[in-house]
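Same order as they appear, the protein sequences are chains A and B.
When you read off a place in the first sequence, starting at 1, and then add 52, the result is the number in the working numbering.
When you read off a place in the second sequence, starting at 1, and then add 52, the result is the number in the working numbering.
Ideal placement from N, C-alpha and C gives every residue a C-beta, glycine not left out.
2 protein chains.
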Amino acid sequence: MVNYRTEALNFTFAALADPTRRAILDRLSFGDSSVTALAEPFDVSLPAISKQLRVLERAGLLTQEKDGRVRRCRLEAQPMKEAVEWIAQYRRFWEDKLESLAGYLENLGLETDDQEQEDSPIDSNGGNS
Amino acid sequence: MVNYRTEALNFTFAALADPTRRAILDRLSFGDSSVTALAEPFDVSLPAISKQLRVLERAGLLTQEKDGRVRRCRLEAQPMKEAVEWIAQYRRFWEDKLESLAGYLENLGLETDDQEQEDSPIDSNGGNS
DNA sequence: TCGATAGTTAACCATGTGGTTAAATATTAA
DNA sequence: TTAATATTTAACCACATGGTTAACTATCGA
Numbered sequence: 053m054v055n056y057r058t059e060a061l062n063f064t065f066a067a068l069a070d071p072t073r074r075a076i077l078d079r080l081s082f083g084d085s086s087v088t089a090l091a092e093p094f095d096v097s098l099p100a101i102s103k104q105l106r107v108l109e110r111a112g113l114l115t116q117e118k119d120g121r122v123r124r125c126r127l128e129a130q131p132m133k134e135a136v137e138w139i140a141q142y143r144r145f146w147e148d149k150l151e152s153l154a155g156y157l158e159n160l161g162l163e164t165d166d167q168e169q170e171d172s173p174i175d176s177n178g179g180n181s
Numbered sequence: 053m054v055n056y057r058t059e060a061l062n063f064t065f066a067a068l069a070d071p072t073r074r075a076i077l078d079r080l081s082f083g084d085s086s087v088t089a090l091a092e093p094f095d096v097s098l099p100a101i102s103k104q105l106r107v108l109e110r111a112g113l114l115t116q117e118k119d120g121r122v123r124r125c126r127l128e129a130q131p132m133k134e135a136v137e138w139i140a141q142y143r144r145f146w147e148d149k150l151e152s153l154a155g156y157l158e159n160l161g162l163e164t165d166d167q168e169q170e171d172s173p174i175d176s177n178g179g180n181s
């Protein structure tokens, strides 16, 4: 239905797949940061962080603005919106029958634990050539 | 705040980062499928698909149930719920000031195009040892 | 029992990722 | 102008990923 931007989703999901990068995003959610300050809590070298930042940049999740010799890193959440929209296609497969996702998200913290699905016969045709 | 399951998120986001795997999930959203049928639209070998399915299984996004010589593949959306919950932490960074994510998700299809963010000074401290 | 069908496993290859250390670049401060 | 600071680039390494072909296992059907 909606034509999701495939390449963008590749980069966004790939960027989110690493816990260090997710932690960086978490930090940035509290405010912009220099590269050095961003790197500080992690037990890896600065070049390693620099690479992670490039992965985040490629996904459009981070921008850097040069300010003297310092790079000010800023969270850009737009790609997350697209990612969440893509996933949201599937919400009927995980959500309670009783509760919409909208309602669900308003009640984060409450827990729901239910799932069910159609039991359609598999269409097993492999007859090519 | 919420302690998201790090390892699970790693696997889930990694699984979603590949367009073939997303297409497989899309297909499964229309009903269960055999491996051969799943592979049919893709221009890759069956072992390649078999590997993709293992990545999806590792993420808990797919289960297989053996039925004779056929494996019935089924979508499991629960990990997507966790992924969306994680991303939802950031919704305030992309959503309109006027509209909550709940409302936003109810209105998928309408488009919003706005973003703004705090302009906090970077805390540039790199003073260790 | 024998062949076809469904799918996996094995072995291999190219490429990407995440890390390293060392060196380069740019800017600030002395 | 020279040294320190902030960060990137380069060169390298180990390992994961996504693909291949070939061979194997399991099941169905004749």
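Three-state secondary structure (DSSP) of residue i
| i | result |
| --- | --- |
| residue 85/A | strand |
| residue 116/A | strand |
| residue 72/B | helix |
| residue 121/B | coil |
| residue 126/A | strand |
| residue 138/B | helix |
| residue 111/B | coil |
| residue 57/B | coil |
| residue 63/A | helix |
Endpoints, alpha helix (DSSP H) assigned at residue i
| i | result |
| --- | --- |
| residue 92/A | Note, residue 92/A: premise wrong, no alpha helix (DSSP H); not H, not E. |
| residue 143/A | 143-146 |
Proximity test, residue i beta-carbon vs the ligand ADP heavy atom, cut-off 8 Å
| i | result |
| --- | --- |
| residue 62/B | In the structure shown, the ligand ADP is absent, as is every other ligand, since no ligand is present at all. |
Test item: CB-CB of residue i and residue j under 9 Å
| i | j | result |
| --- | --- | --- |
| residue 90/A | residue 79/A | yes |
| residue 76/B | residue 108/B | yes |
| residue 132/B | residue 143/A | yes |
| residue 60/A | residue 134/A | yes |
| residue 116/B | residue 98/B | no |
| residue 141/A | residue 81/B | yes |
Supposed close pair residue i, residue j - CB separation, criterion 8 Å
| i | j | result |
| --- | --- | --- |
| residue 129/B | residue 145/A | 4 Å |
### Query
If we count Cβ pairs, one from each stretch, closer than 8 Å, do we get three or more for the segment 72-86 of chain B versus the segment 123-133 of chain B?
yes
### Query
Three or more C-beta pairs closer than 8 Å, one from the segment 58-67 of chain A and one from the segment 65-72 of chain B: is that the case here?
yes
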